[in-house]
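Asker: Take the sequence shown: its letter number 105 is residue 241 in the numbering used here, and every next letter is one higher.
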Amino acid sequence: MKKARYDEFQISNRHRIGFQSFILAMILIGLNGYIKAGYGIWASPLLEAFIMVWIPGLYFAVMSISKNAYFSKNDYPIALVFLLGLAATMGVFSTVPFIFSEEYPLIENGQLSDRIMGLLIAIISVGMGVAMIVRRVLNRRVDGIGE
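1. Would you kindly check if the distance between the Cβ of P181 and the Cβ of A161 is under 8 Å?
2. Bridge partners of L248, per DSSP?
3. When DSSP labels each residue in this structure, what does R141 get in the three-state scheme?
4. Note the first and the last residue of the continuous alpha helix (DSSP H) segment covering P233.
5. Hey, does Q146 have any beta-carbon neighbour from chain C nearer than 8 Å?
6. Please classify T206: does DSSP put it in a helix, a strand, or coil?
7. Based on Cα-Cα distance, which residue from A185, G169, E144 and V198 lies nearest to L157?
8. Considering only residues of the same chain and omitting the five flanking positions on each side of I235, which have a CB-CB separation below 7 Å?
9. Indicate the three-state DSSP secondary structure (helix, strand or coil) for E238 in the structure shown.
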């Protein structure tokens with residue numbers, strides 16, 4: 137694997153977006169504590185941690201891709217887009233049967249069920265995949281205009 141080379145603008149954007157992701161994580165942790173104190177347990181500890189880690193992670197990935205600070209120039213692995221699509225498909229197919237089933241609800245006793253994780257993985261994968269495809273199309277247009 138070759139070492140990625142980022143310019144100063146990309147590094148600056150990554151640092152700024154990373155700080156924003158950190159602030160978002162702190163807000164989510166505070167919000168989680170507030171909800172737990174006022175409402176009670178809203179999800180299992182594993183699902184809570186998953187949500188509080190992946191929301192800032194998705195924000196960082198999508199914003200970095202959209203600000204052109206995620207990959208170095210002309211480094212868009214199509215295999216990664218394919219794997220994200222595969223993860224999204226598996227997430228949807230693992231969750232859809234539970235959405236329409238009354239036997240296995242997604243909300244049980246006022247708490248989110250762990251069965252919703254497949255849907256969350258699908259949302260994350262689709263978000264990152266779409267951002268990567270859009271960024272690649274925009275870069276090709278800019279490179280086409282510049283030549």
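All residues carry an ideal CB built from backbone N, CA and C; glycine is no exception.
Answerer: Result, derived from the coordinates:
1. Contact flag unset, no.
2. Under DSSP, L248 takes part in a beta bridge, and its partners are A179 and I243.
3. R141: coil per DSSP, three-state reduction.
4. Looking at the DSSP string, the run of the alpha helix (DSSP H) that includes P233 is I214 to I235.
5. The structure shown contains no chain C; it holds only a single protein chain.
6. The displayed chain sequence assigns Tyr, not Thr, to residue 206. DSSP places Y206 in the coil class of the three-state scheme, outside both helix and strand.
7. Here the sequence assigns Ser to residue 157, which means Leu is not the residue at that position. Checking every option, the nearest Cα to that of S157 belongs to V198.
8. Within the same chain, Cβ atoms closer than 7 Å to the Cβ of I235 are found at L242, the five residues on either side in sequence being excluded.
9. Secondary structure at E238: coil, using DSSP grouped into helix, strand and coil.
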